[in-house]
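Visitor:
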Amino acid sequence: MEETILIDSLAFGGAAVGTLENGKRCFVRGGVPGDTLKINVVSDRKKFAVGEIIEILSPSPHRIKPACPYFGQCPGCSYLNIPYELELEWKQKQFERFLIHSKLADPFVMKSPIGAPARMGWRNKIRFTYRDGIRGYLAEDNRSLIEIADCQLARLDLRNLAIRTPVPQEGSGKVTFRSSKEGAQIITEENAAELIHEEVLGNEMAVPAGAFFQINKEGFDLLAQEFLDLINAIDPEVFAELYCGSGTFSLLAAQTNVKKILGIELDRQAVKTASANLKGKGTAEKRFLCGDASAMFSHIRKEKQERILFLVDPPRTGLAPDLCRKINQSALRRMIYVSCGPDTLARDLKILKTGDRPWHIVSTRLVDLFPSTAHFESITLLER
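Just so we're aligned, residue 540 is where the sequence shown starts under the numbering used here, counting upward by one.
#1: Between which residues of its own chain and residue 733 is the CB-CB distance below 6 Å, once the five residues before and five after are set aside?
#2: Closest by CA to residue 761, which one among 917, 884, 840, 615?
#3: Which full runs of the beta strand (DSSP E) of 3+ residues lie inside the stretch 729-814, going along the chain?
#4: Assess, as a yes-or-no matter, whether the stretch 829-848 is touched by the stretch 878-892 under the definition of 3 or more beta carbon pairs within less than 8 Å.
#5: Between the Cα of residue 868 and the Cα atoms of 894, 813, 875, which residue gives the shortest distance?
#6: Could you please give the first and the last residue of the uninterrupted alpha helix (DSSP H) stretch that includes residue 863?
#7: Can you say whether residue 788 is buried or exposed, counting buried as having 16 or more other CB atoms within 10 angstroms of its CB?
#8: Compute the beta-carbon to beta-carbon distance between residue 780 and residue 756, rounded to the nearest angstrom, for a pair I have assumed lies under 8 Å.
#9: Please report the distance separating the alpha-carbon of residue 770 from that of residue 862.
#10: Please check the pair residue 777 and residue 842, which I expect to be a contact at CB under 8 Å, by giving their CB distance rounded to whole angstroms.
#11: Please check the pair residue 694 and residue 672, which I expect to be a contact at CB under 8 Å, by giving their CB distance rounded to whole angstroms.
#12: Give the C-beta separation of residue 684 and residue 668 to the nearest angstrom, bearing in mind that I take them to be a contact with Cβ-Cβ under 8 Å.
#13: When you compare the CB positions of residue 805 and residue 782, do they come within less than 9 Å of one another, or not?
#14: Could you tell me if residue 581 is buried or exposed, where buried requires 16 or more neighbouring beta carbons within 10 angstroms of its beta carbon?
#15: Between which two residues does the beta strand (DSSP E) harbouring residue 726 extend?
#16: Take every Cβ of the stretch 619-639, pair it with every Cβ of the stretch 719-729, and state whether three or more of those distances are shorter than 8 Å.
#17: Sorted by chain position, which residues of the same chain lie with C-beta nearer than 7 Å to residue 853's C-beta, five sequence neighbours on each side aside?
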């Protein structure tokens, strides 16, 4: 079914949105607010529809030429057809929709967003799929392979290494390229456990080459400074964090007046690395434990909870409901939630704001660690 639609907004996830003649909201990839489009409605569901662009009848004044030739095919970038200032503005609107419109936060707790230092050239890690002599990224269907010779989101040394690296002409698999202080390298099963080095606000730390680390180092420095500002203002006696990884936030906390640091992480090698990274840093007592976040939460409850600043930095899936309930039942008073998914943040906040002692948001800020893409990070301070 063909229709003409005026695009009026951008939804979280990167799709443009407009209203069909029947009043139903329709999501269209590649649209820009202000566009008038001829679309084909490919999916008509109970509450919304999905359309594909047939023709741009009248382009938005905000529409620009994408810097990447693969834009529109590759699902990695969502906003290269608008200026970055507009991208950041819409990301903030999406963030506010999750928190304010859902009545999880008051408007006055929403700080102004922190934009990315650079829109391109920030990724320190890329992962290509190869199949029968073709290398690139998987399409949205997670099956089709889009041949991509060069990803402009990546750091220059990664791009150069990827271009120089031959593509296997037979078979299929994945290849990961990683950039660090040591330079660009290919990550394999053989070297994934080897330590490479990164810097966070001038603090050098080791990270296993195959382990998780923030893929935008310059952007993460901005979030790290926001964290430092919060912890210095609170001045806690104990800093405890779940999903501590190789100890990034603990390393920053060691620069403050805290007397004790406790980190919990499921990855055993990351726990060992965190301990090594914090050795000799600051005067605080330090302890890192390996285990599941929910199962190990009891170790945090053994501390003087009213003196703890508690931090969670979960994966995009967010916190388990069981862990949210345990946090509610604890005597903790202050918590920082670092999130890379506003949808799961909102879901978890709905649980955290229940019970006899509900948490409330003191401040929250979007930090755009993933410019040009549909994703962003946030850091939220909660108290009760």
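Glycine residues also receive a C-beta, built at the ideal position from the N, C-alpha and C atoms.
A quick note: this is a predicted structure, and the numbers were derived from the prediction, not measured.
Guide: Result, derived from the coordinates:
#1: Here residue 733 refers to the residue found at position 194 of the sequence shown. Same-chain partners within the cutoff: 748.
#2: Here residue 761 corresponds to residue number 222 of the sequence shown, with the count starting at 1. The shortest Cα separation from residue 761 among 917, 884, 840, 615 belongs to 917.
#3: If one requires a minimum length of 3 residues, the beta strand (DSSP E) runs lying completely within the stretch 729-814 are 734-739, 742-747, 777-781, 799-804, in chain order.
#4: no
#5: On the sequence shown, residue 868 is found 329 positions in, with the first residue counted as 1. Selected option, being the one with the closest Cα: 894.
#6: Locating residue 863 in the sequence shown gives position 324, where the first residue counts as 1. That run of the alpha helix (DSSP H) goes 860-868.
#7: In the sequence shown, residue 788 corresponds to position 249, counting from 1. Residue 788 should be labelled buried.
#8: Counting from one through the sequence shown, the residue named residue 780 turns up at place 241. Counting from one through the sequence shown, the residue named residue 756 turns up at place 217. Not quite, the Cβ-Cβ distance comes to about 20 Å (not below 8 Å), so this is no contact.
#9: What you label residue 770 is simply residue 231 of the sequence shown in a count that begins at 1. What you label residue 862 is simply residue 323 of the sequence shown in a count that begins at 1. Roughly 23 Å between the two C-alpha positions.
#10: As a working mapping, residue 777 is identified with position 238 in the sequence shown. As a working mapping, residue 842 is identified with position 303 in the sequence shown. About 5 Å separates the beta carbon of residue 777 from that of residue 842, a gap short enough to meet the 8 Å contact definition.
#11: One-based indexing of the sequence shown puts residue 694 at position 155. One-based indexing of the sequence shown puts residue 672 at position 133. Incorrect: roughly 26 Å between the Cβ atoms, too far for contact.
#12: Taking the first residue of the sequence shown as 1, we reach residue 684 at position 145. Taking the first residue of the sequence shown as 1, we reach residue 668 at position 129. Confirmed, Cβ separation roughly 6 Å.
#13: Residue 805 sits at position 266 when you count from the first residue of the sequence shown. Residue 782 sits at position 243 when you count from the first residue of the sequence shown. Yes, these two residues count as a Cβ contact at 9 Å.
#14: Here the question's residue 581 lines up with position 42 in the sequence shown. With fewer than 16 Cβ atoms within 10 Å of its Cβ, residue 581 is classed as exposed.
#15: As a first step, residue 726 must be located in the sequence shown, where it is residue number 187. Element bounds for residue 726: 722-726.
#16: no
#17: Start at 1 with the first residue of the sequence shown, and residue 853 comes out as number 314. Same-chain partners within the cutoff: 782.
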